[in-house]
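I have placed the structure first, in the form of structure tokens, so that the comments after it can refer back to it.
Residue numbers (our numbering), protein chains in the order written: chain A, 1 to 110; chain B, 111 to 224.
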């Protein structure tokens, strides 16, 4: 069975600073990995996905993530955050079903 | 409208009552899912369906019933609601693991059991 762990429940950061949200996975089968974003009172939107190929994946809103097989990680990064990036971010992995991490609340401060 | 829609968006019900949350998708995706979102637990899978008339339990199925008579609909029923089922419920759909495994989510239903 696959499990996904998000190492930080909250990440405060100042506007225009870089940010990294950490995600580790465990799996013995083929790996599909995703990052979703949830804005207040909304559903989840797909930010980016890794299915195969290049380990650096670019997504919407300037986010990117790097698949690292040796460290079983899929960390999400953005070089300069905006106030509008304040949201909950979920890492997820897919085997037969989609399994989510516990979420990381990104709080961007002016 | 195209996409995945949940209804109602908000629901208050009493302990012991039966309540059904509706989910409808227009993409003809094979897979559909029900998750509940609770503070401190992230999203937990309740039930999923790989196709019409095929359903399976997820991580937290107790107290819930699902059906999938048509590909586009996947209702979730709480047979006898309890306060512990107060949560935000999300429905999602996916074309399937070998086609495009990401899931597309509805806007959620906020259920309060009093």
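Glycine included, each C-beta is placed from N, C-alpha and C at the ideal position.
Leaving aside the five residues before and after residue i along the sequence, list all residues of the same chain whose C-beta is less than 6 Å from its C-beta, in chain order.
i	result
residue 131 (chain B)	186, 199 and 219
residue 88 (chain A)	38, 103 and 105
residue 111 (chain A)	Because chain A is modelled from 1 through 110, residue 111 (chain A) falls outside the range shown and cannot be assessed.
residue 122 (chain B)	222
Between the Cα of residue i and those of the options, spot the shortest distance and give me the residue it belongs to.
i	options	result
residue 7 (chain A)	A:20, A:65, A:53 and A:47	A:20
residue 171 (chain B)	B:136, B:194 and B:217	B:194
residue 52 (chain A)	A:85, A:31 and A:22	A:31
residue 92 (chain A)	A:61, A:85 and A:48	A:48
residue 168 (chain B)	B:157, B:206, B:161 and B:176	B:157
residue 69 (chain A)	A:78, A:55, A:76 and A:77	A:55
residue 203 (chain B)	B:224, B:149 and B:133	B:133
residue 166 (chain B)	B:149, B:150, B:184 and B:151	B:184
residue 74 (chain A)	A:101, A:61 and A:97	A:101
residue 205 (chain B)	B:120, B:138, B:115 and B:114	B:138
residue 173 (chain B)	B:126, B:164 and B:142	B:126
residue 159 (chain B)	B:151, B:149 and B:178	B:178
residue 142 (chain B)	B:124, B:161, B:149 and B:151	B:161
residue 175 (chain B)	B:144, B:149 and B:182	B:144
residue 213 (chain B)	A:3, A:18 and A:44	A:44
Quick one: what's got a C-beta closer than 7 Å to residue i's C-beta in the same chain, skipping five residues either side?
i	result
residue 15 (chain A)	81, 82, 83, 108, 109 and 110
residue 147 (chain B)	153, 197, 198 and 200
residue 117 (chain B)	132
residue 86 (chain A)	106, 107 and 108
Hey, does residue i have any beta-carbon neighbour from chain A nearer than 9 Å?
i	result
residue 204 (chain B)	yes
residue 127 (chain B)	no
residue 134 (chain B)	no
residue 146 (chain B)	no
residue 178 (chain B)	no
residue 173 (chain B)	no
residue 212 (chain B)	yes
I need the DSSP call for residue i, collapsed to helix, strand or coil.
i	result
residue 159 (chain B)	strand
residue 217 (chain B)	coil
residue 140 (chain B)	coil
residue 62 (chain A)	helix
residue 204 (chain B)	strand
residue 128 (chain B)	coil
residue 146 (chain B)	strand
residue 195 (chain B)	helix
residue 166 (chain B)	strand
residue 84 (chain A)	helix
residue 67 (chain A)	strand
residue 99 (chain A)	strand
residue 48 (chain A)	strand
Here's a check: name, in chain order, each residue in its chain whose Cβ is nearer than 8 Å to the Cβ of residue i, leaving out the five neighbours to either side.
i	result
residue 128 (chain B)	187, 188, 189, 190 and 191
residue 163 (chain B)	178 and 179
Between residue i and the ligand FAD, is there a pair consisting of the residue's CB and a ligand heavy atom that are separated by less than 8 Å?
i	result
residue 70 (chain A)	Annotation note on the ligand FAD: not contained in the displayed structure, which lists no ligands.
Is residue i close to chain B, meaning its C-beta is less than 9 Å from at least one C-beta of that chain?
i	result
residue 58 (chain A)	no
residue 43 (chain A)	yes
residue 102 (chain A)	yes
residue 86 (chain A)	no
residue 55 (chain A)	no
residue 97 (chain A)	yes
residue 94 (chain A)	yes
residue 69 (chain A)	no
residue 36 (chain A)	yes
residue 109 (chain A)	no
residue 25 (chain A)	no
So, does the CB of residue i fall closer than 9 Å to a CB anywhere in chain C?
i	result
residue 6 (chain A)	The structure shown contains no chain C; its protein chains are A and B.
| What residues in the segment 183-199 of chain B bring their beta carbon closer than 8 Å to a beta carbon of chain A? | none
| task | Using a Cβ-Cβ cut-off of less than 9 Å, give me the residues of the segment 149-166 of chain B that come near chain A, in sequence order. | result | 150, 151, 152, 153, 154, 155, 158, 160 and 166
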